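A.B. asks:
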Amino acid sequence: MAHKDDTPVHEIRPVTQEVRVPERYLPTPTIEPGHSYASITDHISTIVLRKRTPIGWYVGFGISLILMTVLTAAIGKLVFVGVGIWGINHPAGWGMDIINFVWWIGIGHAGTLISAILLLLRQEWRTSINRFAEAMTLFAVASAGLYPALHTGRPWYDFWLFPYPNTMTLWPQFRSPLMWDVFAVSTYATVSALFWYVGLIPDLATLRDRATNVIARKIYGMGALGWRGSAKHWYRYETAYLLLAGLSTPLVLSVHTIVSFDFAVAQIPGWHATFFPPYFVAGAVFAGFAMVLTLAIPARKFLKLEDFITMKHLENMGKVMLATGLIVFYAYLMELFLGWYSGNVFERFMVHNRILGPYWKMYIALIVCNGLAPQLMWVKRFRTSTAMLFITAMFVNVGMWLERFVIIPGSLHRDFLPSSWGMYHGTRWDWSMFIGSMGLFLFLLFLFIRFLPMISIFEMRTLLPEAHAHGEEH
Amino acid sequence: MAQIFHRSTNTLSRVTIFGAVFIAGFVLWVIGGIVRSPYVTNQGIAREQPVPFSHQHHVAGLGIDCRYCHTSVEKSNFAGIPPTQTCMNCHAQIWTNADMLAPVRNSFSSNTPIRWERVHRLPDYVHFNHSIHINKGVGCASCHGRIDRMNLTYQASPLTMEWCLDCHRAPEKYVRPRDQVFNMAYVATDQKTLGPQLMRAYNIQKLTSCSTCHY
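If you read the sequences in order, they're chains A and B. Here the first sequence stands for residues 43 to 516, numbered as in our numbering. Here the second sequence stands for residues -6 to 208, numbered as in our numbering.
1) Helix, strand or coil for Asn142 of chain A per DSSP?
2) Would you please state the rounded distance, in angstroms, between the beta carbons of Ala282 of chain A and Val240 of chain A? I believe it to be under 8 Å.
3) Would you check if there are 3 or more beta carbon pairs closer than 8 Å linking the stretch 387 to 394 of chain A to the stretch 352 to 366 of chain A?
4) Below 9 Å between beta carbons is the criterion; list the residues of the stretch 229 to 260 of chain A that meet it against any residue of chain B, in chain order.
5) If contact is defined by three or more beta carbon pairs under 8 Å, each pair taking one atom from either stretch, is the stretch 319 to 338 of chain A in contact with the stretch 148 to 158 of chain A?
6) Using a beta-carbon distance cut-off of less than 8 Å, what residues from the stretch 179 to 204 of chain A approach chain B?
7) Kindly indicate the opening and closing residues of the alpha helix (DSSP H) around Met110 of chain A.
8) Under 8 Å: do the stretch -4 to 15 of chain B and the stretch 259 to 266 of chain A share three or more Cβ pairs, one atom per stretch?
9) I'd like to check one pair, Thr201 of chain B with Leu158 of chain B: are the Cβ atoms closer than 8 Å?
10) Can you tell me the Cα-Cα spacing of Leu364 of chain A and Trp420 of chain A, whole angstroms?
11) Do you know how far the Cα of Arg40 of chain B is from the Cα of Arg60 of chain B?
12) Would you say Met210 of chain A lies against chain B (beta-carbon separation less than 8 Å)?
13) Indicate whether Val224 of chain A and Val183 of chain A have their beta-carbon atoms separated by less than 8 Å.
14) Within 8 Å, do at least three Cβ pairs link the stretch 107 to 114 of chain B to the stretch 34 to 48 of chain B?
15) Suppose you measure from the CA of Ser1 of chain B to the CA of Met264 of chain A; what does that come to, to the nearest Å?
16) Got a sec? Which residues, its chain only, sit under 7 Å from Arg142 of chain B by beta carbon, not counting five neighbours each side?
17) Can you give me the start and stop residues for the alpha helix (DSSP H) that Thr428 of chain A sits inside?
18) Could you tell me if Ala80 of chain A is buried or exposed, where buried requires 16 or more neighbouring beta carbons within 10 angstroms of its beta carbon?
19) Take Ala195 of chain A and list the residues in its own chain whose beta-carbon comes closer than 7 Å to its own, dropping the five residues that flank it on each side.
20) Nearest chain B C-beta to Gly126 of chain A closer than 8 Å, yes or no?
21) Classify Asn122 of chain B as helix, strand or coil using the three-state DSSP reduction.
22) Taking C-alpha atoms, which residue in A:Thr229, A:Phe331, A:Lys346, A:Trp238 lies nearest to Glu74 of chain A?
23) Please classify Ala273 of chain A as buried or exposed, where buried requires at least 16 other C-beta atoms within 10 Å of its C-beta.
24) According to DSSP, is Tyr10 of chain A helix, strand or coil?
25) Taking one C-beta from the stretch 84 to 103 of chain B and one from the stretch 130 to 144 of chain B each time, how about it: are there three or more such pairs within less than 8 Å?
26) Does the beta-carbon of Gln198 of chain B have 16 or more other beta-carbons within 10 angstroms, so that it is buried, or is it exposed?
27) For a minimum of 4 consecutive residues, which ranges assigned as the alpha helix (DSSP H) are wholly contained in the stretch 119 to 202 of chain A?
28) Go through its chain and collect everything with a Cβ distance to Tyr195 of chain B's Cβ below 6 Å, but skip five positions before and after it.
29) If Met502 of chain A sits next to Thr169 of chain A, beta carbons under 8 Å apart, how far is it from one beta carbon to the other, in whole angstroms?
Structure follows, in structure tokens:
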């Protein structure tokens, strides 16, 4: 292990001329200077291995438990009574169940994007946030998964969604995008979980070696699968990780594409549009990065991780949010244009109704949250301010929920026949489910930051200058 | 530092990971077996009835036609459970003092129907119509089995949807001439040629749309 002051031989080169680089051209570091292998390992593993749990953790975990109770009540009521407790009814057969599903699954996109695509593109800055974002992805997918499972009304028959040799000799309807959804989401959940776990193995071994508690050592040891860090281990590990990255890359695009098919394949004006897949994928990445920011900004403050999650990370995430936000905003405008351009009376009415109909407030709020708020990210001063980033991210979180509201009940409540028009309102059970699913998300998140390293220790070590002493091959 | 795990953990972990595939497969296989077993389908289980009525005795022994009791089988979705009066047509004359028949006489004198236990129970969301099956040449025995050999009545078929569809997808395997429908002992000699012929003759379609039965 090299030390900081051992300058590698090939880096000692004669200085011929002093080049003065203006400060604004200097790259912001992905890790604050002054860290060594040992200090990184210490800093991150202590968060997990310290004996005394900070009081703030108990407060947060307690709140999440209370919200989980709300979720349990909401699910219990649903199982005993049925989907009638929700606001869904003719003509809006889809309501907050699907809004929340799409909202959560969208949030669950940043993890894999950061982990897989940015890994393949060799974006080093991903290292500090990938573990955290992947965990967030998994928990968001878990929260998302609740909704389609429960909105079937009889969740105990949910295994009917899967093709298996049943006594009905029936297959599920493979021509339905809802069926594709089952596969897309379950594949995504499986691959994300594997990717996350494989990434954890070397760190679990670190925790196993550093833990003093015998039980903790055994538990981390089991997770580490006998990792000893030999060259053979690393070789296989890197291959597996790269393969998984390759495998998850198409999934980033496929999951939300298929979620968008749930709508685009139907003939409802406001749903039936060919640009839905890219529009939804961009929206998902947008939502995902907003949620990573929402969680990373407080987490880095409370866990004192400013050295590892630097302003560079936050700024980059702000940039991604701006870019995807622009795509989403463009899609909103295209939606209006295509409605008009179709020449179809129902499509034109949909556009009119979206802006001036009974849910006009939702639409205006959507444009403010998702169209205008991200424009703040053009300004470097805002991109590098945690407060402004947090506020923008919160706008986006709300905006993405509104987007799904505008699309789902906003398109359904005005049927083709005026005689079947109606309105949609979430009931208190809808809201309990939503708040409860946030509880589940936070519950898992708090367990994660307490018991697992939220930043990849071994990958952070590779960011240090001494890791590059022998070139860039790692 | 001492080793956390014993050497045997290596073998143990390999065996559990490898074994998990087989354990999962075995569990699924067992579940698949249970849902097709009589525990779930009630196939082959004779129900206890208020009167131990024997189809074997009445059909095979005495030669009573199905329709003598199940009067509406050709015209209605329900085959019809005979009223006590039908029993009493004969039992007013024979076995008039048999203990076994006391519930029948009580029912007749008090004018309250006998509460037979239902043997073939379909879920509420599926509709079955006897008359169309009878009129298209599906024999009683095709579904109910050799009821003329049952001392106590039991459900001969599993009544799973897979069983329904087996015929609905390929009726030619099971149809018989209309005049053989009530013949318990009918055996087709050349079903391969007869089946398609009958399908054409009776205009039998392969009805596998959901709403054929679920409406």
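Beta carbons are placed, not taken as given, at the ideal position from N, Cα and C, and that holds for glycine. Owing to the predicted nature of the structure, the values given are computational and were not obtained by experimental measurement.
C.D. replies: Checking against the coordinates, here is how it stands:
1) Secondary structure at Asn142 of chain A: helix, using DSSP grouped into helix, strand and coil.
2) The C-beta distance from Ala282 of chain A to Val240 of chain A rounds to 6 Å, short enough to meet the 8 Å contact threshold.
3) These segments do not touch.
4) Listed in sequence order: Arg250, Asp251, Val256, Arg259, Lys260.
5) Verdict: yes, contact present.
6) Within the stretch 179 to 204 of chain A, no residue places its CB atom closer than 8 Å to a CB of chain B.
7) First-last of the alpha helix (DSSP H) with Met110 of chain A: 97 to 123.
8) Yes, the stretch -4 to 15 of chain B is in contact with the stretch 259 to 266 of chain A.
9) In contact: Leu158 of chain B and Thr201 of chain B (Cβ atoms closer than 8 Å).
10) Roughly 7 Å between the two C-alpha positions.
11) C-alpha separation (whole angstroms): 22 Å.
12) Chain B places a beta carbon closer than 8 Å to that of Met210 of chain A, counting this residue as a contact.
13) No, these two residues do not count as a Cβ contact at 8 Å.
14) In this structure the stretch 34 to 48 of chain B lies against the stretch 107 to 114 of chain B, because at least three pairs of beta carbons, one per stretch, are closer than 8 Å.
15) So the two alpha carbons sit approximately 13 Å from each other.
16) Cβ contact annotation for Arg142 of chain B (same chain, cutoff 7 Å, sequence separation greater than five): Gln49, Ala53, in chain order.
17) That run of the alpha helix (DSSP H) goes 428 to 454.
18) Exposed: under 16 other Cβ atoms inside 10 Å.
19) Note that residue 195 of chain A is Gly in the sequence shown here, rather than Ala. The beta carbon of Gly195 of chain A is closer than 7 Å to those of Gly124, Val125 in its chain, skipping five residues each way along the sequence.
20) It does not; no Cβ of chain B falls within 8 Å.
21) Looking at Asn122 of chain B - three-state DSSP - the assignment turns out to be coil, as it is neither helix nor strand.
22) Glu74 of chain A has its Cα closest to that of A:Lys346, out of A:Thr229, A:Phe331, A:Lys346, A:Trp238.
23) Ala273 of chain A counts as exposed, since fewer than 16 other beta carbons sit within 10 angstroms of its beta carbon.
24) Past the boundaries of the shown model lies residue 10 of chain A; chain A is included only from 43 to 516, so the question cannot be answered.
25) Of all C-beta pairs linking the stretch 84 to 103 of chain B to the stretch 130 to 144 of chain B, fewer than three are shorter than 8 Å, placing the two stretches out of contact.
26) Using a 10 angstroms sphere on the CB of Gln198 of chain B, the tally of other CB atoms stays under 16, which defines it as exposed.
27) Listed in chain order, the complete alpha helix (DSSP H) runs (minimum 4 residues) inside the stretch 119 to 202 of chain A are 138 to 149, 172 to 193.
28) Lys129, Gly130, listed in sequence order.
29) Their Cβ separation, rounded to whole angstroms, is 6 Å, which keeps Met502 of chain A and Thr169 of chain A in contact under 8 Å.
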